[in-house]
Amino acid sequence: NAGVMQNPRHLVRRRGQEARLRCSPMKGHSHVYWYRQLPEEGLKFMVYLQKENIIDESGMPKERFSAEFPKEGPSILRIQQVVRGDSAAYFCASTTIPDTQYFGPGTRLTVL
Amino acid sequence: TQLLEQSPQFLSIQEGENLTVYCNSSSVFSSLQWYRQEPGEGPVLLVTVVTGGEVKKLKRLTFQFGDARKDSSLHITAAQTGDTGLYLCAGVVGNTPLVFGKGTRLSVIA
Chain A
1 NAGVMQNPRH LVRRRGQEAR LRCSPMKGHS HVYWYRQLPE EGLKFMVYLQ
51 KENIIDESGM PKERFSAEFP KEGPSILRIQ QVVRGDSAAY FCASTTIPDT
101 QYFGPGTRLT VL
Chain B
1001 TQLLEQSPQF LSIQEGENLT VYCNSSSVFS SLQWYRQEPG EGPVLLVTVV
1051 TGGEVKKLKR LTFQFGDARK DSSLHITAAQ TGDTGLYLCA GVVGNTPLVF
1101 GKGTRLSVIA
């Protein structure tokens, strides 16, 4: 996990608010993946980004969710108008090789 | 439908015992990875296997990739309390994103 930073580690939001989750990849890594993990479940792929490009967003809900990875700065996963079902742990992973991913510590989102 | 089935779902053993956990699929994977995840943390990569029949060892952990690249096993010898955690397998099929199993939650009791 060393090197992949996520913040905040814990985020509490009320229904209808926005949640912004940040991921700073390991130095030199230009690929970022976002996953969601529910209790007692494995990780579910959401989106795959390279700098300034969304490569695969097939796992992302069509509404309320968006992701970006700008040229400068961290990758952002944004959830608008959160609902209780969005409560989960969100992990990002970074890589230089598409199938060797290094995970961050996660952000635990709780929607009240 | 779960692409990767892991078994058992839960396992509780005494320190010093041996154990094997399994990761099975009907799909052929170009590579398969094993991760360990501890509570409140992200998964940590243990190993990547890419060749059918491949065996890799990491101290007391032995990983095997099936000949047909559809399944894998993780064997732990003389388990220690520090082995406690959630063991996840994840596979790559063609160009699709990494797919995870639900994991085996291992508890090693002193």
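Chains as they are written, first to last, in our numbering: chain A, 1 to 112; chain B, 1001 to 1110. Beta carbons: idealized from backbone N, C-alpha and C, even for Gly. Note that this is a predicted model, so its numbers are computed, not measured.
Buried is the label assigned to A:Asp86, since at least 16 other Cβ atoms lie within 10 Å of its Cβ.
Put simply, of A:Glu18, A:Ala89 and A:Lys51 the residue whose alpha carbon is nearest the alpha carbon of A:Arg36 is A:Ala89. B:Gly1042 reaches chain A at Asn1, Phe91, Phe103, Gly104, Pro105 and Gly106, counting residues in chain order whose Cβ is nearer than 7 Å. Of all residues in the region 1076 to 1091 of chain B, the ones placed with a Cβ closer than 8 Å to any Cβ belonging to chain A are Leu1088 and Ala1090, in chain order. For A:Glu68, the uninterrupted beta strand (DSSP E) run begins and ends at Phe65 to Glu68, by DSSP. Chain B has a Cβ within less than 7 Å of the Cβ of A:Leu43. Its chain contains Leu77, Tyr90 and Thr107 as the residues whose beta carbon lies nearer than 6 Å to that of A:Leu21, once the 5 sequence neighbours on both sides are disregarded; these appear in chain order. With fewer than 16 other beta carbons inside 10 angstroms of its own, B:Arg1060 counts as exposed. Comparing alpha-carbon positions, the option among B:Tyr1035, B:Lys1102, B:Leu1011 and B:Cys1023 lying closest to A:Gln101 turns out to be B:Tyr1035. For the region 59 to 85 of chain A, residues whose beta-carbon sits nearer than 9 Å to a beta-carbon of chain B comprise Gly59.
In this structure, B:Gly1085 and B:Asp1067 do not form a Cβ contact; the two beta carbons are roughly 28 Å apart against a cut-off of 8 Å. In the structure shown, A:Gly85 falls within a helical segment according to DSSP collapsed to helix, strand and coil. Under the Cβ distance rule, B:Gly1101 counts among the residues neighbouring chain A, one pair being separated by less than 7 Å. As a beta-bridge residue in DSSP terms, B:Glu1005 pairs with B:Asn1024. Contact between B:Leu1046 and B:Leu1058 holds, since their C-beta atoms are separated by about 6 Å, short of 8 Å. Taking a cut-off of 8 Å for Cβ pairs, the region 1005 to 1023 of chain B and the region 60 to 71 of chain A do not touch, as fewer than three such pairs fall below it. At the C-beta level, B:Asn1018 and B:Thr1104 stay beyond 7 Å of one another.
When 8 Å is used as the limit between beta carbons, B:Thr1104 is near no residue of chain A, the shortest such separation being about 11 Å. In summary, the residues of the region 1013 to 1045 of chain B whose CB is separated from some CB of chain A by less than 9 Å are Ser1030, Ser1031, Gln1033, Tyr1035, Gln1037, Gly1040, Glu1041, Gly1042, Pro1043, Val1044 and Leu1045, in the order they occur in the chain.
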